[in-house]
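Numbering (this note's numbering), first residue to last: 16 to 59.
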């Protein structure tokens with residue numbers, strides 16, 4: 016039982032570390048076409 020808890024905790028920690036990077040890419044920042052070049056717009 017303890018081993019399972021440890022695995023769950025480790026998984027949560029790695030997911031928590033990865034998640035913000037993904038969230039930033041997909042939800043807060045997006046590329047916008049401005050005239051003839053691309054700009055990254057971020058929403059806070």
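For every residue, glycine included, the Cβ atom is placed at its ideal position computed from N, Cα and C.
Per DSSP, the unbroken beta strand (DSSP E) holding residue 52 starts and ends at 52 to 57.
Excluding the 5 residues flanking it on each side, residue 48 has no same chain C-beta neighbour closer than 7 Å.
Bridge partners of residue 49 according to DSSP: 52.
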